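*Asks:* Just dropping this structure here.
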Amino acid sequence: MAGSVAMSRTAPPAPATSATTEPAVVRWLLIAVAIGFLVSFLIVPLITVFAQGLAKGVAAWLAAVTEPVAFAAIRLTLLVAAIAVPLNVVFGVAAAWAITKFRFPGRNILTTLIDLPFAVSPVISGMIFVLLFGAQSTFGPWLADHGIKVVFAVPGIVLATVFVTFPFVARELIPLMQEQGSDDEEAALVLGAGAWQTFFRVTLPNIRWGLLYGVILCNARAMGEFGAVSVVSGHIRGLTNTVPLHVEILYNEYNFAAAFAVASLLALLALVTLAAKSLVEWKYRH
Amino acid sequence: MGIELRNITKAFGAFKALDDVSLNVADGELLALLGPSGSGKTTLLRIIAGLEAADTGTILLRGEQITMRRLRERRVGFVFQHYALFRHMTVFENIAFGLRVRPRRVRPSKAEIRDRVMGLLKLVQMEWLAERYPAQLSGGQRQRVALARALALEPDVLLLDEPFGALDAKVRRELRRWLRRLHDDLHMTSVFVTHDQEEALDLADRIAVLNTGRIEQTGTPEEVYNHPVSPFVYNFLGNVNLFHGRVHKGLARIGDFSLEAPQHADAHDSPAVGYVRPHDIEIERCASAGASIEVIVQHVSAVGPLVRLDLKRIDTGETIEAELSRDRHRELALTGGEHVFIRPRNLQVFVQDYSI
């Protein structure tokens, strides 16, 4: 049937407003407040770090970053992360595996304990190790006799970092593995796979994105940890200073440009972490 | 003898899932474990597979004791309710999994694995989907991949846990037919769990009806449907109408009529219930001699292959469900509000110490 509907030449219909949205004024006001908050508390500080770090020019920035003591701090930070993150991957996967695939007495206590490093102040986390392995502790004399230095040395820093970053991998994996259940593992076992075969061929691939996410967060925290490491390290220049500690030293010496220059490395790490996190999330959804 | 289960008991804490269950599955038979949720049927299946360990009892497979055997050595194929396909592997890799994880000594070569997997894909009619991932398949296709994966190792026994539970009705019926044909070809001893009595009656050679951890009855679909030994089995396998009455020394009086009930020869004026299937309710327009109960037609549902009638008894006010063929319904031409007379055929009497 041709020409059955007459096209109206009047003004386009007014946009429909949903019954559940606020009036435009309120919406824009709320958005402005949220953006204002974000900008002042997150974006401005981030920009300041880079701006101040480059205040004396790129050459000065490079000099501050490659200076021997700073370089030693960067090396130490990388070393600590390289030890702490793999350790926490092993601990985290093992803890998540035990908690989600099995029922045993004390399971709830273990789940709560995993969150302990989050609840405890980082300074206390550091103090724990000083009290455990320091000169006045029970282990102190034994360690001194065997020439092992834990507190005010690299091992102490590693221990404190491992403690503080422990929950990240486990907390990421527990809900994920709980949601996935044990069906896949049971299927693999009935098909004749051994325990390790099941773990590497079935469980690990199923949790890989959650694991990667946990590793990224764990790494970011391991590199940026200040409080716990500060208590344990002894601040020996060139030996037991990580990047955050070095930034503090530079700042206390009123060497602001250099402090911000080194701090900008950490800010850069933060941005890279966020980018990696978004990439993993995006991949996981597909 | 295919599978023998003797005196299996299993408790989860205070909950008794299985209570002294004994069952024989003949070699090459397709047996259904039928029962409501919580009856223990899945637990029993998992115990046969080795995924759970029974508290007491023994399991024999082809005469061999396998109660203590590890999963790896049991040679059972298991199909999970939600398929449990490995999501990061293709269909081909999923089916090949069991062959690839074999210890090096007994592992077949790559070519052999390929042949075996393609053969299985052909069997389940999915050769063209070999490189797809599980997420790209429909429910019915996933189920067939799960089945092929279970069959890859040529197991002695095939176990299926509510295999069609997660599928929609039409796909379910097609796959049922397909599974029956597959079983007829392979003749593998198979046990499947279901809560759908239509599925069990349609598919199985024999059915074991479970209720709260015990087997109520085992038998062919005909035996279990036509000669149920308890009200539970009667009620579970189809719709039921109840007629209350009394039984005394082998004679049951239900309403206006009496019938012989030799199995209750020693009953002493005990309350009894007569069970009748909807399609065994005969409807007449006039009362016939002796056994006729007056009812009023409440609702006529003429959709589908059978016509369903809701009738209300004049004497007790109870509702009776009746089923008629379309021809019979056309003969009678009943409408709502009419008074008619019914006669129950094939009444099965149970003494009333059960409650449904």
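In order, the protein sequence lines correspond to chains A and R. Quick note on numbering: the working numbering labels position 278 of the first sequence as 278, and the sequence is numbered without any gaps. The working numbering runs 1000 ahead of the 1-based position in the second sequence. We treat Cβ as the ideally placed atom computed from N, Cα and C, and that holds for glycine. Predicted model, so just to flag it, every value in this text is computed and none were measured.
1) Taking C-alpha atoms, which residue in Q180(A), G53(A) and S233(A) lies nearest to R1087(R)?
2) Just reading off the beta strand (DSSP E) that E67(A) is part of, what are its end residues?
3) Count Cβ pairs between the segment 1055 to 1068 of chain R and the segment 1002 to 1012 of chain R that sit closer than 8 Å; are there 3 or more?
4) Per DSSP, which residues does P175(A) bridge with? Please list them.
5) Using Cβ-Cβ distances below 8 Å, what residues of the segment 169 to 197 of chain A are close to chain R?
6) Pair every Cβ in the segment 213 to 230 of chain A with every Cβ in the segment 30 to 39 of chain A, then say whether three or more of these pairs are closer than 8 Å.
7) Pop quiz: P1271(R) and R1246(R) are said to be a contact at Cβ under 8 Å. What is the actual Cβ separation, rounded to whole angstroms?
8) Smallest Cα separation from L1175(R): which of F1232(R), Q1141(R), R1328(R) and E1154(R)?
9) Quick check: the Cα distance between E1260(R) and N1346(R), rounded to an integer number of angstroms?
10) Taking the straight line between their C-alpha atoms, what separation do you get for L1151(R) and L1120(R)?
11) With a 10 Å radius around its C-beta and 16 neighbouring C-beta atoms as the bar for buried, classify Y1354(R) as buried or exposed.
12) With DSSP run on the structure shown, which of helix, strand or coil describes N88(A)?
13) Mind the definition here: the segment 1274 to 1283 of chain R touches the segment 1224 to 1243 of chain R only if three or more C-beta pairs lie below 8 Å; say whether that holds.
14) Does the beta-carbon distance from V1076(R) to G1040(R) come in below 9 Å?
15) What would DSSP say about I1356(R), mapped onto helix, strand or coil?
16) Shortest alpha-carbon distance to T273(A) belongs to which of F256(A), V130(A), A220(A) and F260(A)?
17) Near R1206(R), which residues of its chain fall below 7 Å by C-beta distance, leaving aside the five closest residues on each side in sequence?
18) For the beta strand (DSSP E) that contains V1191(R), what are its first and last residues?
19) On a CA-only basis, which of V158(A), V190(A) and N108(A) is nearest S125(A)? Give me that one, please.
20) Would you call F37(A) buried or exposed, if buried means 16 or more other Cβ atoms sit within 10 Å of its Cβ?
21) Where S278(A) and L217(A) are concerned, what is the direct C-alpha to C-alpha distance, given to the nearest angstrom?
22) If T100(A) sits next to Q178(A), beta carbons under 8 Å apart, how far is it from one beta carbon to the other, in whole angstroms?
23) Short of 7 Å Cβ to Cβ, which residues in the segment 87 to 110 of chain A face chain R?
24) Any idea what DSSP makes of L269(A), helix, strand or coil?
25) What is the DSSP secondary structure of K1010(R), counted as helix, strand or coil?
26) Bridge partners of H1299(R), per DSSP?
27) In this structure, how does DSSP classify V280(A) when only helix, strand and coil are distinguished?
28) Any idea if I1356(R) is buried or exposed, counting beta-carbon neighbours within 10 angstroms, 16 or more meaning buried?
29) Hey, does V1193(R) have any beta-carbon neighbour from chain A nearer than 9 Å?
30) Quick check: the segment 1104 to 1114 of chain R against the segment 1135 to 1149 of chain R, are at least 3 beta-carbon pairs closer than 8 Å?
31) List, from N- to C-terminal side, the beta strand (DSSP E) runs of 3 residues or more that fit wholly inside the segment 1037 to 1072 of chain R.
32) Which parts of the segment 1171 to 1250 of chain R are runs of the beta strand (DSSP E), unbroken and 3 residues or longer, counting only runs that do not cross its ends?
33) CA-CA distance, R75(A) and V39(A)?
34) Whose Cβ in chain R lies nearer than 7 Å to the Cβ of V202(A)?
35) Using alpha carbons as the reference points, say which of T1189(R), H1082(R) and R1330(R) lies closest to A1026(R).
36) Compare the C-beta of R1105(R) with all C-beta atoms of chain B and state if any pair is closer than 9 Å.
*Replies:* Once the coordinates are examined:
1) Q180(A)
2) Counting along the chain, E67(A) falls outside any beta strand (DSSP E), and DSSP gives it neither H nor E.
3) yes
4) P175(A) is not bridged to any residue.
5) D183, D184, E186, A187, A188, L189, V190, L191, G192, A193, G194 and Q197
6) no
7) 6 Å
8) Q1141(R)
9) 11 Å
10) 8 Å
11) Interpretation of Y1354(R) is limited by its pLDDT of 48, a score under 50 that renders its predicted location unreliable; the figure taken from the coordinates is listed afterwards. Exposed.
12) helix
13) yes
14) no
15) Its pLDDT being 45, under 50, I1356(R) is placed unreliably by the model, and the measurement read from it follows with that caveat. Three-state DSSP puts I1356(R) in coil, outside helix and strand.
16) A220(A)
17) E1029, L1031, T1218, G1219 and T1220
18) T1189 to T1194
19) V158(A)
20) exposed
21) 12 Å
22) 5 Å
23) none
24) helix
25) strand
26) D1310(R)
27) helix
28) No answer about I1356(R) holds up, because its pLDDT of 45 lies below 50 and its placement is not dependable.
29) no
30) no
31) 1056 to 1061
32) 1189 to 1194, 1206 to 1211, 1214 to 1219 and 1241 to 1248
33) 33 Å
34) F1086
35) T1189(R)
36) In the structure shown, chain B does not exist; the protein chains are A and R.
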